Every structure is written in C-alpha cells, then in structure tokens.
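If you read the protein sequences in the order shown, they are chains Y and G.
When the first sequence is numbered by the numbering used here, its final residue is 1166 and no position is left out of the sequence of numbers.
When the second sequence is numbered by the numbering used here, its final residue is 564 and no position is left out of the sequence of numbers.
Where is the CB? At the ideal position from N, CA and C, for every residue including glycine.
Here the structure is a predicted model, which means the values were calculated and not measured.
As structure tokens, the structure follows; a few thoughts come after it.
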Amino acid sequence: MSLTQTRFHDALLTGAQLAPDGLSDGQGRPAGRRFDVYRNNVAVSLTEALEQGFPAVRNLIGPDRFKSMAGRFLRQHPPETPMIMHYGAAFPAFLEAAEPLAHIGYLGDVARLEQAQREAYHAADATPVDAAALSALPPDDLVRSLVRFAPALRLIRSAWPVLAIWRYATEPGTPKPAAIAQDVLITRPDFDPELTDLPQGGASFVTALMNNSTLSAALDTALSDAPDFDLQNMLGLLLQRQAIAAITPSE
Amino acid sequence: MLDNTRPCSHLPAAPGVGYKPQHFADIIADARPVEWLEIHAENYMGDGGRPLAQLRHLSERFAVSVHGVGLSIGGEGRLDPDHLSRLRHLCDWLQPASFSEHLAWSTHDSHFLNDLLPLPYTQATLTRIVDHIDEVQETLGRPMLLENPSSYLAFDESTYAEPEFLSEIARRTGCGLLLDVNNVFVSATNLGLDPRAYIDAFPLERVGEIHLGGHDEDQDDHGAPLLIDSHGQEVADPVWALLDYTLDRMGKRPLLIEWDANVPDWPVLAAEAQRAADALAKVPA
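Here it is in structure tokens:
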C-alpha cells in the first residue's frame, strides 16, 4: 500500500509519537526518529517565521511561552500560501482567544500592530501627493475631493496604549505606558514603516476617507468624534508621512 | 515537452551565492569573487517595498537565478494556480538567467508546510511530476531546473533509484537538473549509499547548476550518522571532495554557495565563494 501525502501531512502536524508505516532508513530498519527531522523542520521554520514577525509579542510573553503558543498556532493554522512573509494574519485573534493569555488584554492589538507593519513593508510602492499639489486645489474643490491612500497605509484602533506598549516591548529604556487608548497610523514613506499616534478624531477621519467619504464628510465625522479636531494639522501629517497617493474631485 | 537543445540556464559557470538582504551594501561595493546571485522566489512575491527595490537594483548588475521553494511540484494535488501565476509574474519582469525548483512536495489541501518533503520514486510519482513540470515550463515559457533533495528516510514502495528517477523526468520533460552536491552527500550517508556511485549514475549532461551548502551531524535511533541539510555553516570537506570528483566528470558549471541559517558577515561568505572559484579553476575548460 502506498503512503499518501494525507497520512504524511497528518503525522507531521499531529505530533504523533510514531512515523507512518512504509518508511525506512534505506537499509531495512523502520525510519523511527528520522521522520522527526521533517516534523522539526516544519515546526521550527514556522515558529521562526512567527518570531521574526511578532518580536514585541515575544518580548511581552517571553521566548518560551511564545514558542509554545507558536507551536499550537501552527498546528491549528498552518500557512495557506508559500508566502511566509504574510504568515500569521490569524495570530492576533488566536492570541486573544488563548486561555493562558486571557489576562493580557492588549496582546491581540500589539500583534495586530506588528502584522500591519509586515503588510506595510511588502505593500505596493506609490508616488505620494505633495503639499504643493494639495494647495493648488481651490478650497471648494478640495472639500469635495476623495482621497486615495498609499497601498502601505494601515490603521490600528485600540482601547489600549498599543503604540506605547509596542515601543516598551521593542525599544530598551522606553518608559512604562500610561493607561490611555491609542489609534496608530502605519505609513511607509520609503522602505521602513513609520508609526504615528493619531490625535483624537484622526482615526475616524482616516476611516471615513478609506470608505470613500469626501474630505468634508470625513471632517464632519472627525468633528463629531472630537470637537477640536484640526484638519490642517491632520492633512499636514498625512502629507508628511507620504500617505496620500491621489486626491481626486468627487463626481 | 520542450526542445532538448534549448539551454536550461544562462548563468555563468562561476561562483554565485544565495542573496541575503543584509549583504546588499557589501555586494554593491565589491562582490568578488561572486558573479551571480540566487533568490528564493517566495521572498520576492510581495507587491513592493525594499525587497523588490533591492532586487531590481541587483538585477541590473548581476545574473539572477530564481529558486522556488514553495511550488510543491511533487504534490498529489494540482499545482496551485495562484502560486504559479505569481512565479510567472516574477519571471516576466525579472527575466532571470535561470529558474529552478525541487523534487519534493510542501503543500497539501491548501496547507503549506514550509519544508521540502520526500517522495516515493514510483511510476505514479513520475507521471505526476512530469505533468507538473510540463505545466510549469509552459506557464513560464522557459525550461526549468529540478533539484535533487536531501533524504532522511526512504519509501518502501520506491521502485527507482533517485538518479534514474531524475534522469527519466529530465528525458520526458526536457527540463535540466540542479545537482546539489551536499544533498548527494547527506542522502548517501543517511541511506547507506556510495555518493560517488550516485554521481556516476547521475545524468551530468543535464546539469545546469550546482548547489553546495553546510550540513549538521546527528544520529538516528541506532546511533547511525544522520546528516541534516541545514545551510547554517561552511561546506564540509568531504563535500568539497565530492564536488571535485563531480567537476572532473562534468566540467565547469554555475556553482552556488547556500548559507541560509546563522548567516555570516559578507567576508566569510565571500571566502566560501572563493573556495568554489578555486574548485572551478582546477577544471580544464
């Protein structure tokens, strides 16, 4: 009988003690722990991919606990494409649902922030709109305009001080985070993602623009969220971070 | 089936290395004796950013080999059409000097296992792989090289020896072969075979590229040596000797140093490439 790849696959991921039947050392003896070379390669290589992708999570829960969580995750959620640089999209939700980590409420958002940076790093390039192009637009046209963001832009809204926690976990000497909510904008001016703690109303503004609101409608949304929202300041920040790929008049 | 007379690789018969982003500045400053670079296809399937910018820059100065690690050519299921089209996109814009993949499988039921998993060498496997390679070569519009694996175990059901199996695949598909000399040494040691007999049985005329990498030493349940293909250190001395034996019979070929784990600083990798250059220099033109 032939050994199917289904059986081989299941034996790799279930962590069963024995190698499947039909495998030998080439000289008539059962394969035994030789099968574990493949088992280890799968587990170690995927664990390393998660360690590289989620360094802050690893520092927060410690390397040993991270390894054990990664081992559970990779068996429940093996990669679905060979593009390992994206592996781990389901990791934040997995961490949030994991019983032993339930007391660390912010862990999922920290993982989301790390995954968003990986996505931004590999996102398509874009030529940013500059301040001159923006100021050339008549004010009436500007408020009726739609904004297309650079493909690298990501937004993480959190009830936790997620950016401060991320910095605390990755940059030695960072002070302990204060207990505030933070919304983080991820942009990629050149090749390295930049993280910005958005002012009140900023996340509503960006979200509205992502959903094809005009600038004036997005401003209304932001103002209802934060009455002292500063449009000038926010547009300046988006331009400076090279976050806007196009501004087009609405129909 | 492709025309057998078309070359399967346009790489120079000189030393190359597996490209690592941390070596970018060193390579731009002075890559000698390295004359070409190999990339893992899957690392350059993002949409943009630094990886693609570096690759575009390097490809203006060096011949580039695209080496896939995720196509699962030996998989029981059909090839992943999305992955194949990503490969085609990469080869279309980059126009690499060579494309290669492995005699292995890695995907099952949409699960990608991130390892090169072994195959039984049977008629059924042969037929499947020939179909898959035909599909790859037609989709990419170019011939490919197929690499011999590192083996840690053998399948009871196998009816072909590996060199014979690869030879038959190459004959039926017109593909070339990538001979990994370290893999030959690792597999032969692990399965109790003679590595020189393997080389003697290998269709050397189909070889378009050679790989060399470091391995680790372990033991199986019975205390027999079990070598692990780790690409984490210098190439072992007996592997250099097996390379000399191979080059004597085959002539010069593009010769790649693979160093993927515990990646050293550039001078260490360049020294290893120099050893490859010296091995090639001993071979009559």
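Residue j beta carbon less than 7 Å from that of residue i
i                : j                : result
R532 of chain G  : A308 of chain G  : no
L938 of chain Y  : A946 of chain Y  : yes
P1007 of chain Y : R1033 of chain Y : no
G511 of chain G  : A550 of chain G  : no
N469 of chain G  : H494 of chain G  : no
D508 of chain G  : N956 of chain Y  : no
R987 of chain Y  : F981 of chain Y  : no
Q895 of chain Y  : L1068 of chain Y : The requested residue 895 of chain Y does not occur in the structure, where chain Y is confined to residues 916 to 1166.
D459 of chain G  : R949 of chain Y  : no
R451 of chain G  : V518 of chain G  : no
P997 of chain Y  : E321 of chain G  : yes
E317 of chain G  : G349 of chain G  : no
L419 of chain G  : C454 of chain G  : no
L457 of chain G  : S379 of chain G  : yes
L1130 of chain Y : V1058 of chain Y : yes
W538 of chain G  : H302 of chain G  : no
A971 of chain Y  : A1093 of chain Y : no
L928 of chain Y  : R990 of chain Y  : yes
C287 of chain G  : G530 of chain G  : no
A1039 of chain Y : G327 of chain G  : yes
L425 of chain G  : L382 of chain G  : yes
L1061 of chain Y : V1121 of chain Y : no
P935 of chain Y  : R954 of chain Y  : no
F444 of chain G  : Y400 of chain G  : yes
Selection from the options that minimises the alpha carbon distance to residue i
i                : options                           : result
S466 of chain G  : Y:T921, Y:A934, Y:D940            : Y:D940
M1125 of chain Y : Y:G943, Y:I1159, Y:L1113, Y:P1104 : Y:I1159
Q402 of chain G  : G:L559, G:E441, G:Q553, G:L316    : G:E441
E883 of chain Y  : G:P422, G:H319, G:H390, G:M423    : Nothing can be reported for residue 883 of chain Y, as the shown portion of chain Y is limited to 916 through 1166.
H501 of chain G  : Y:S960, Y:A1094, Y:G943           : Y:G943
Q1147 of chain Y : Y:S1050, Y:A1004, Y:A964          : Y:S1050
L571 of chain G  : G:L290, G:S288, G:H289, G:G297    : Outside the shown range of chain G (280 to 564) lies residue 571 of chain G, about which nothing can therefore be said.
Y1002 of chain Y : Y:P978, Y:L1022, Y:S960, Y:Y1021  : Y:S960
I999 of chain Y  : Y:P1087, Y:Q1030, Y:N1127         : Y:Q1030
Y375 of chain G  : G:E414, G:P422, G:L396, G:G356    : The identity of residue 375 of chain G in the sequence shown is Pro, whereas the question assumes Tyr. The candidate whose alpha carbon is nearest that of P375 of chain G is G:P422.
F341 of chain G  : G:G471, G:S351, G:P312, G:Y323    : G:P312
D1112 of chain Y : Y:E1086, Y:A985, Y:L1152          : Y:L1152
R357 of chain G  : G:L366, G:L398, G:P563, G:W384    : G:W384
I448 of chain G  : G:G325, G:R365, G:Y323, G:N427    : G:N427
Q1155 of chain Y : Y:S1165, Y:P1164, Y:T1042         : Y:T1042
R367 of chain G  : G:L392, G:S351, G:V415, G:T404    : G:V415
V1044 of chain Y : Y:H1037, Y:G1088, Y:P1104         : Y:P1104
Q333 of chain G  : Y:G1117, Y:T921, Y:H1037          : Y:H1037
A552 of chain G  : G:L373, G:L535, G:M324            : G:L535
I1095 of chain Y : Y:P1087, Y:F1106, Y:F969, Y:W1075 : Y:W1075
First and last residue of the uninterrupted beta strand (DSSP E) at residue i
i                : result
H319 of chain G  : 315-319
R1070 of chain Y : The amino acid at residue 1070 of chain Y is misidentified as Arg; the sequence shows Leu. L1070 of chain Y -> beta strand (DSSP E) spans 1069-1073.
F1064 of chain Y : 1060-1064
D1112 of chain Y : 1109-1112
T1163 of chain Y : 1159-1164
I1019 of chain Y : Per DSSP, I1019 of chain Y belongs to no beta strand (DSSP E) and is neither H nor E.
D940 of chain Y  : Taken as a continuous stretch (DSSP letters only), D940 of chain Y belongs to no beta strand (DSSP E), as it is neither H nor E.
D459 of chain G  : 455-459
Residue range of the alpha helix (DSSP H) that includes residue i
i                : result
T1085 of chain Y : 1077-1085
L548 of chain G  : 545-560
E436 of chain G  : Element bounds for E436 of chain G: n/a, residue is neither H nor E.
V959 of chain Y  : 949-968
V1121 of chain Y : 1117-1125
F923 of chain Y  : 920-929
E1011 of chain Y : 1006-1012
G986 of chain Y  : 978-991
Q1147 of chain Y : 1146-1155
A476 of chain G  : 474-480
T1089 of chain Y : No alpha helix (DSSP H) holds T1089 of chain Y; DSSP gives it neither H nor E.
R367 of chain G  : 360-373
I999 of chain Y  : It is not in any alpha helix (DSSP H) - I999 of chain Y carries neither H nor E in the DSSP assignment.
L1049 of chain Y : 1046-1050
L1130 of chain Y : 1130-1140
F303 of chain G  : 303-308
For residue i: DSSP bridge partner residues
i                : result
D1098 of chain Y : Y:R1072
I536 of chain G  : G:V296, G:L491
V486 of chain G  : G:L456
F378 of chain G  : G:V345
Interface flag, residue i vs chain C, CB-CB below 7 Å
i                : result
S1165 of chain Y : In the structure shown, chain C does not exist; the protein chains are Y and G.
message: Going residue by residue through the segment 321-355 of chain G, where are the continuous alpha helix (DSSP H) segments of at least 4 residues, counting only ones entirely within it?
response: 329-338
Restricting to runs no shorter than 3 residues, where is the beta strand (DSSP E) found entirely within the segment 380-434 of chain G? 384-387, 390-396, 424-426
Uninterrupted beta strand (DSSP E) stretches inside the segment 488-522 of chain G (no shorter than 3 residues):
494-498, 504-508
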